[in-house]
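A.B. asks:
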Amino acid sequence: MEIMRLVVTGSVGVGKSTFIRSVSEIEVVDTDRVATDEVAQMKKKTTVAMDFGRLQFSPDMALHIYGTPGQARFDFMWDILIHQAHAYILLVAAHRPSEFRYARRTINFINQRRQIPMIVGLTHLDCPGAWGEENIAIALGYVNAQTRPPIVKVNATDKASAIEALIVLVQHCLEQTSTGVTIFPTPFQPALESDAPC
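Structural data, given as structure tokens:
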């Protein structure tokens with residue numbers, strides 16, 4: 240069986256751990272600890288090493304999904320997690336423009352170490368003050384719509400939304416790294432539990 244390793248990254252409180260918990264078919268392995276610094280103002284716990292979840296994507300492929308810590312002081316974990324990754328999704332909180340520069344630095348950090356496919360996932364679009372997709376793309380340095388990565392709307396608490404983002408990421412990865420021959424059924428529809436909690 241082929242394993243595709245995907246990384247979910249972004250700033251503190253953007254929804255990385257929630258995203259992985261929404262899609263994982265196993266109990267998520269996490270390293271959440273009580274927040275003791277400025278993060279405590281946003282949430283009680285924060286990831287200090289990584290989150291890990293798994294999703295059977297097709298009969299022949301499983302996704303291993305790794306979540307990075309959001310704090311820059313744990314960026315050594317970004318190095319470790321991105322080293323063997325096939326692709327990554329950068330989650331960006333649309334209502335916190337003060338963090339767009341952090342997101343841009345994250346992209347640069349990863350690009351300096353690995354050239355792998357990525358997409359941008361916009362979270363918190365329903366919050367007051369949320370920026371639109373085009374303005375966020377420009378803020379992240381993607382001025383040319385023809386050369387920017389795919390940008391998707393993500394509700395990290397909703398399993399269907401998170402899986403849709405993973406489908407876009409996997410398809411983008413395959414487009415970037417293969418001859419265009421897909422190994423997945425088209426269109427791929429993972430089995431969703433109708434009563435799955437958000």
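Basically this note's numbering = 1-based index in the sequence shown + 239.
Note that CB positions come from ideal geometry on N, CA and C, so glycine has one too.
Report the option in GLN410, ILE358 and GLU414 whose CA atom is closest to the CA atom of PHE296.
C.D. replies: Along the sequence shown, one-based indexing puts residue 296 at 57. If we check each option's Cα against that of PHE296, GLN410 comes out closest.
A.B. asks: Which residue marks the beginning of the alpha helix (DSSP H) containing ALA376, and which one marks its end?
C.D. replies: The sequence position of residue 376 within the sequence shown is 137, counting from 1. That run of the alpha helix (DSSP H) goes 372-378.
A.B. asks: Please return the same chain residues whose Cβ sits closer than 8 Å to the Cβ of LEU329, not counting the five positions on each side in sequence.
C.D. replies: Indexing the sequence shown from 1 puts residue 329 at position 90. THR248, GLY249, ALA342, THR345, ILE346, MET357, ILE358, VAL359 and GLY360, listed in sequence order.
A.B. asks: From ARG352 to ASP318, what does the alpha carbon distance come to, in whole angstroms?
C.D. replies: Position 113 of the sequence shown, counted from the first residue, corresponds to residue 352. Position 79 of the sequence shown, counted from the first residue, corresponds to residue 318. One C-alpha to the other measures close to 8 Å.
A.B. asks: Can you tell me whether PRO388 is buried or exposed, with buried defined as 16 or more other CB within 10 angstroms of its CB?
C.D. replies: Here residue 388 is taken as the residue at index 149 of the sequence shown, counted from 1. Classification for PRO388: buried.
A.B. asks: Pick helix, strand or coil for ILE390, following the three-state DSSP scheme.
C.D. replies: Within the sequence shown, the letter at position 151 stands for residue 390. ILE390 falls in the strand class under three-state DSSP.
A.B. asks: For the putative contact between HIS325 and ARG260, defined by C-beta atoms under 8 Å, what is the C-beta separation to the nearest angstrom?
C.D. replies: For this step, residue 325 is matched to residue 86 along the sequence shown. For this step, residue 260 is matched to residue 21 along the sequence shown. With a Cβ gap of about 21 Å, HIS325 and ARG260 do not count as contacting.
A.B. asks: For ALA332, which of helix, strand or coil comes out of DSSP?
C.D. replies: For the purposes of this step, residue 332 is identified with residue 93 of the sequence shown, where counting begins at 1. In the structure shown, ALA332 sits in a strand (DSSP, three-state: E or B).
A.B. asks: Can you grab the Cα-Cα spacing for the pair PHE291 / TYR381, in whole Å?
C.D. replies: The count along the sequence shown starts at 1 and reaches residue 291 at position 52. The count along the sequence shown starts at 1 and reaches residue 381 at position 142. Going by the C-alpha atoms only, they are around 29 Å apart.
A.B. asks: Starting from the Cα of ILE390, find the closest Cα among LEU405, ASN383, GLU372 and ALA333 and give me that residue.
C.D. replies: Start at 1 with the first residue of the sequence shown, and residue 390 comes out as number 151. Of the listed residues, the one whose Cα sits closest to ILE390 is GLU372.
A.B. asks: Give the DSSP-derived three-state secondary structure of ARG343 in the structure shown.
C.D. replies: Within the sequence shown, residue 343 is the residue found at index 104, counting from 1. Three-state result, ARG343: helix.
A.B. asks: Do ILE242 and HIS303 have their CB atoms nearer than 7 Å?
C.D. replies: Position 3 of the sequence shown, counting from 1, holds the residue named residue 242. Position 64 of the sequence shown, counting from 1, holds the residue named residue 303. Going by C-beta atoms, ILE242 is nearer than 7 Å to HIS303.
A.B. asks: Straight-line CA distance for PHE348 to ALA395?
C.D. replies: The residue given as residue 348 occupies position 109 in the sequence shown. The residue given as residue 395 occupies position 156 in the sequence shown. Cα to Cα, the separation comes out at about 24 Å.
A.B. asks: Are there 16 or more other CB atoms within 10 angstroms of the CB of ALA404, so buried, or fewer, so exposed?
C.D. replies: Numbered from 1 along the sequence shown, position 165 holds the residue referred to as residue 404. Buried, since its Cβ has 16 or more Cβ neighbours within 10 Å.
A.B. asks: List the endpoints of the continuous beta strand (DSSP E) containing VAL247.
C.D. replies: For the purposes of this step, residue 247 is identified with residue 8 of the sequence shown, where counting begins at 1. Where VAL247 is concerned, the enclosing beta strand (DSSP E) stretches over 241-249.
A.B. asks: Could you check how far apart the C-beta atoms of LEU364 and ALA333 are, in whole angstroms? I think they sit under 8 Å.
C.D. replies: Sequence index remark: in the sequence shown, residue 364 carries index 125 (1-based). Sequence index remark: in the sequence shown, residue 333 carries index 94 (1-based). Contact holds; Cβ gap of about 5 Å.
A.B. asks: Answer yes or no: do THR362 and GLY252 have a C-beta to C-beta separation smaller than 7 Å?
C.D. replies: Residue 362 sits at position 123 when you count from the first residue of the sequence shown. Residue 252 sits at position 13 when you count from the first residue of the sequence shown. Result no, Cβ atoms of THR362 and GLY252 do not sit closer than 7 Å.
A.B. asks: Under a three-way DSSP split, which group does SER256 fall into?
C.D. replies: One-based indexing of the sequence shown puts residue 256 at position 17. The answer is helix: DSSP assigns SER256 an H, G or I state.
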